[in-house]
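To keep things clear, I will list the structure first and then write my remarks on it.
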Amino acid sequence: MSGSDLSSLTVLVTGATSGIGLETARLLTARGATVLLHGRTADEARTAADALIATGGADGTRLHPYAADFTGLAEVTVMASRVLAAHPRVDVLVNNAGLAAPERHTLTRDGNEIAFQVNFLAHYLLTDLLAPALLAAPAGRVVNVSSSLHRSGSIQWTDPQRARRYSRIAAYAQSQLALTAFAADPRITAVSVHPGVCSTELLPLYAYRGAPPAEGAAHVVRLCDPATAVVNGAYYDRDLRAEPAPGATGERTVRRLAKLADQLVHAG
1319 MSGSDLSSLT VLVTGATSGI GLETARLLTA RGATVLLHGR TADEARTAAD ALIATGGADG
1379 TRLHPYAADF TGLAEVTVMA SRVLAAHPRV DVLVNNAGLA APERHTLTRD GNEIAFQVNF
1439 LAHYLLTDLL APALLAAPAG RVVNVSSSLH RSGSIQWTDP QRARRYSRIA AYAQSQLALT
1499 AFAADPRITA VSVHPGVCST ELLPLYAYRG APPAEGAAHV VRLCDPATAV VNGAYYDRDL
1559 RAEPAPGATG ERTVRRLAKL ADQLVHAG
């Protein structure tokens, strides 16, 4: 595997059991990084780790599986506490886990529209809880795996759960717009990236054909590398910096989003 040595890095990758997340973990371990591999269940996370060891020759001592079902924010909190206890320094958090919004309006056990929670709110909470570990790193950063579909999104500030008018594409786009805007939060250096249209479970939202997930993962890993200089809030379309949607920029939007997210993740 070409690229600089990343053996000094500890990277947490959410949604690392399939698709771009799994390939991101594979590329990171090939370059020596310690990878905290998140899955929805403990079995899924362990199976993914075993697969990386068996098929890619990954060093098992550098793979650490963690589990949390992002449809339950309490599980995110528990996972974050376990990560902090074992890894007081985390160099990179890759917020990658995501799902396509279902055809029918669906709420999580926390009362949030499911795509908004899994794709954005859970990552917002996880990033906030892991802030001490990220800030303990010399150049801690967050990489949000976003989507070009954020450009078609709008955040329904008075109805973020989209109870009044629901469309799966609109719900998914809203979650990606929020994730992209979240990168500009000043608390921790963060960027967002559209990794390209890849053959993953999200492909039906975009097209019928996509690139191999490893291609998308390479764009993510490039942004994990400390040798890649980043500006807080920057948005990348694959390996090129691009302007995000106007709705993803602006201090007022970022502050308003943080206020909304704080209310929703601490509602319980």
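Residues in the sequence shown are numbered consecutively from 1319, following our numbering.
Here a beta-carbon is modelled for each residue, glycine too, at the ideal position from N, C-alpha and C.
Need the endpoints of the alpha helix (DSSP H) that residue i sits in, please.
i, result
"G1339", "G1337 to A1348"
"L1558", "L1558 -> not in any alpha helix (DSSP H); beta strand (DSSP E) instead, spanning L1558 to A1560."
"Q1581", "E1569 to V1583"
"R1364", "A1360 to G1374"
Pop quiz: residue i and residue j are said to be a contact at Cβ under 8 Å. What is the actual Cβ separation, rounded to whole angstroms?
i, j, result
"H1356", "A1363", "6 Å"
"T1389", "T1426", "4 Å"
"L1535", "L1345", "Before going further, note that residue 1535 is Ala rather than Leu in the sequence given. 6 Å between Cβ atoms; contact."
"L1291", "V1408", "The structure shown has nothing for residue 1291, since the chain only spans 1319 to 1586."
"T1328", "T1352", "5 Å"
"R1559", "H1537", "Not a contact, Cβ separation roughly 12 Å."
"A1566", "A1508", "With a Cβ gap of about 12 Å, A1566 and A1508 do not count as contacting."
"P1504", "N1550", "7 Å"
Out of curiosity, what's the CA-to-CA distance linking residue i and residue j?
i, j, result
"R1349", "A1385", "24 Å"
"V1401", "A1488", "33 Å"
"L1575", "N1430", "15 Å"
"F1434", "A1454", "29 Å"
"E1393", "L1443", "11 Å"
"L1467", "S1399", "32 Å"
"R1469", "L1452", "29 Å"
"L1448", "A1501", "15 Å"
"S1510", "E1561", "11 Å"
"Y1484", "V1460", "30 Å"
"L1411", "H1405", "12 Å"
"C1516", "D1428", "Residue placement at C1516 cannot be trusted, given a pLDDT of 49 that sits under 50; the coordinates are not used to answer."
"T1311", "A1440", "Given a span of 1319 to 1586 for the chain in the structure shown, any question on residue 1311 remains unanswerable."
"A1334", "A1491", "22 Å"
"H1512", "Y1553", "8 Å"
"P1420", "I1432", "8 Å"
"A1372", "H1382", "15 Å"
Just to confirm the assignment, what range does the beta strand (DSSP E) spanning residue i have?
i, result
"T1328", "T1328 to V1331"
"H1423", "That residue, H1423, is in no beta strand (DSSP E); it is neither H nor E in DSSP."
"H1302", "The requested residue 1302 is not part of the displayed model; the chain covers only 1319 to 1586."
"A1508", "A1508 to H1512"
"T1352", "T1352 to G1357"
So, for residue i: in the same chain, excluding its five sequence neighbours on each side, which residues have a beta-carbon less than 6 Å away from its beta-carbon?
i, result
"F1438", "S1493, A1496 and L1497"
"S1326", "none"
"P1530", "none"
"E1341", "P1531, A1532 and A1535"
Look up residue i in the DSSP assignment and say whether it is helix, strand or coil.
i, result
"H1441", "helix"
"L1495", "helix"
"Y1484", "coil"
"L1381", "strand"
"S1464", "coil"
"S1399", "helix"
"D1555", "strand"
"G1458", "coil"
"V1412", "strand"
"D1323", "coil"
Might you give, ordered along the chain, the residues of its own chain that have their beta carbon closer than 8 Å to the beta carbon of residue i, omitting 5 neighbours on each side?
i, result
"T1359", "A1385 and D1387"
"D1543", "G1321, S1322 and L1324"
"V1539", "G1321, T1342, L1345, L1346 and R1349"
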